[in-house]
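Visitor: Mind looking over this structure? Questions follow.
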Amino acid sequence: MSLFLSVFTNLIGHQGRVSMPSTFRSQLSQNQVNQTVVLYRSFTNKCIEGCSTSRMELLSDASDNLDIFSKDQNSINSLIFADARQLGVDSAGRISIPADLLEYAGIKKEACFVGCGKTFQIWEPSVFKKYQDELRADALKNRPTLKINN
């Protein structure tokens with residue numbers, strides 16, 4: 001399983017072309033023959049969600065556990081799978097992010113790649129900085145806990 005860590009900011013070029021962080025690319029190649037990435041609009045933040053195709057397969061399997069005609073399954077299928085784009089990574093380590101995804105996230109000149117463990121996000125850098133500052137302030141105030149199972 002992929003593990004995406006850290007934050008990287010890269011310039012956006014012509015037609016949404018941007019270099020993926022090398023550590024992200026290496027995580028993608030661990031799970032597949034052809035280096036591809038899946039991107040879709042986040043439905044929790046104004047950013048782009050990213051993951052490997054194997055992660056999408058796990059999401060699909062989880063969706064199959066819902067009632068086939070339920071509103072929940074329809075929502076998941078519409079919000080994730082119908083919106084997802086499977087993109088190839090070129091030999092220089094770049095992807096071309098579709099214009100509608102860039103517009104949704106408000107990304108214009110730079111893309112901020114944010115590691116989220118098994119997935120990652122792509123943000124407009126100043127929006128992510130504000131979001132991260134708010135999360136940190138909230139975490140310091142509320143002191144969340146995390147249980148680790150061995």
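Residue numbers for the sequence shown, in this note's numbering: 1 to 150. Heads up, the beta-carbon is just placed ideally off N, CA and C, and yes, glycines get one too.
Kindly indicate which three-state DSSP category I148 falls into: helix, strand or coil?
Guide: As a first step, residue 148 must be located in the sequence shown, where it is residue number 148. DSSP places I148 in coil when its eight states are reduced to three.
Visitor: Taking only runs of the alpha helix (DSSP H) that begin and end inside the stretch 53-137, which ones reach a length of at least 4 residues, in chain order?
Guide: Unbroken alpha helix (DSSP H) runs of no fewer than 4 residues, entirely contained in the stretch 53-137, are found at 53-64, 71-76 and 99-105, following chain order.
Visitor: State buried or exposed for F4, treating a residue as buried only when at least 16 other CB atoms are found within 10 Å of its CB.
Guide: Taking the sequence shown and counting its residues from 1, the one referred to as residue 4 is at position 4. Burial call: buried.
Visitor: Within a Cβ cutoff of 8 Å, which residues of the same chain sit near Q73, ignoring the five residues on either side of it in sequence?
Guide: Here residue 73 refers to the residue found at position 73 of the sequence shown. Around Q73: S63, L66 and D67.
Visitor: Can you list, in chain order, the residues of its chain whose CB lies under 7 Å from that of Q86, leaving out five sequence neighbours each side?
Guide: Here residue 86 refers to the residue found at position 86 of the sequence shown. Hits under 7 Å: T36, V38 and T53.
Visitor: Could you give the C-beta distance for F43 and F120, rounded to a whole number, given that I count them as a contact under 8 Å?
Guide: Mapped onto the sequence shown, residue 43 falls at position 43. Mapped onto the sequence shown, residue 120 falls at position 120. Actually they do not touch by this definition, with Cβ atoms about 16 Å apart.
Visitor: Whose CA, out of N45, V7, T145 and R55, lies closest to the CA of K118?
Guide: For the purposes of this step, residue 118 is identified with residue 118 of the sequence shown, where counting begins at 1. Checked all of N45, V7, T145 and R55; the closest Cα to K118 is R55.
Visitor: S26 lies in the beta strand (DSSP E); which residues open and close that run?
Guide: In the sequence shown, counting from the first residue as 1, residue 26 sits at position 26. Looking at the DSSP string, S26 is not in any beta strand (DSSP E); the run it does join, the alpha helix (DSSP H), is S22 to S29.
Visitor: From the DSSP output, in three-state form, read off L140 for me.
Guide: Walking along the sequence shown from the start, residue 140 turns up at place 140. In the structure shown, L140 adopts helical secondary structure according to DSSP, grouped into three states.
Visitor: Reducing DSSP to helix, strand and coil, say where G13 ends up.
Guide: Start at 1 with the first residue of the sequence shown, and residue 13 comes out as number 13. G13 falls in the coil class under three-state DSSP.
Visitor: To the nearest angstrom, report how far apart L11 and S19 are at their CA atoms.
Guide: For the purposes of this step, residue 11 is identified with residue 11 of the sequence shown, where counting begins at 1. For the purposes of this step, residue 19 is identified with residue 19 of the sequence shown, where counting begins at 1. Each residue's Cα considered, the two are about 8 Å apart.
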